[in-house]
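Residue numbers (our numbering): 773 to 943. Remarks on the structure that follows.
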């Protein structure tokens with residue numbers, strides 16, 4: 773009897789500790805996001821009308837009129853982007869996704885990278901980082917949610933598929 777109470781107590785204590793660590797992790801992550809996003813574009817999204825590496829004309833403001841659009845700033849050389857890109861690819865089947873490849877080489881190099889990784893999301897090449905500077909990008913990856921031309925959510929660094937879904941769903 774005494775042993776089972778200790779086991780129950782230890783499991784309850786472990787769950788409580790895990791929950792506490794989770795809360796601390798979320799608060800720290802939120803604080804870092806707030807600090808990093810100080811220089812990022814806010815309010816109405818900057819104009820983004822370009823030809824993608826796939827050859828399609830992209831007009832962000834037009835795309836975002838009916839449904840939210842995920843705008844994903846990433847790079848082929850970014851290690852965190854390698855963890856986030858599969859989540860972006862999953863979202864692409866349900867929401868509109870527009871990505872901007874920062875300082876990642878030629879269109880052909882980016883197309884080879886996308887083919888190798890089996891990614892289908894639209895990509896605008898920003899070989900000199902000019903679009904990134906206009907949006908205030910200092911960290912890759914950076915994700916924006918745009919709805920009706922307005923920035924409704926921003927996050928930087930690693931984000932989970934669940935985090936992306938929530939940002940899009942509540943926009």
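Here a beta-carbon is modelled for each residue, glycine too, at the ideal position from N, C-alpha and C.
query: Cβ contact check for the stretch 907 to 923 and the stretch 831 to 847: 3 or more pairs under 8 Å; result: yes
query: Bridge-paired residues (DSSP) for residue 919; result: 922
query: Rounded straight-line distance, which links the Cα of residue 842 to that of residue 866; result: 11 Å
query: Under 9 Å between C-beta atoms of residue 913 and residue 869; result: no
query: Residue environment, residue 820, which counts as buried when at least 16 other CB atoms sit within 10 Å; result: buried
query: Residue 864 - partner residues in DSSP beta bridges; result: Per DSSP, none; premise fails for residue 864.
query: C-beta contact flag for residue 847 and residue 908 at 9 Å; result: no
query: Residue range of the alpha helix (DSSP H) that includes residue 906; result: 902 to 907
query: CB contact flag (residue 859, residue 894, <9 Å); result: no
query: Residue from 851, 791, 864 and 861 with nearest C-alpha to residue 876; result: 851
query: Alpha-carbon spacing of residue 833 relative to residue 795, whole angstroms; result: 36 Å
query: Three-state secondary structure (DSSP) of residue 813; result: coil
query: Backbone secondary structure at residue 824 - three-state DSSP; result: coil
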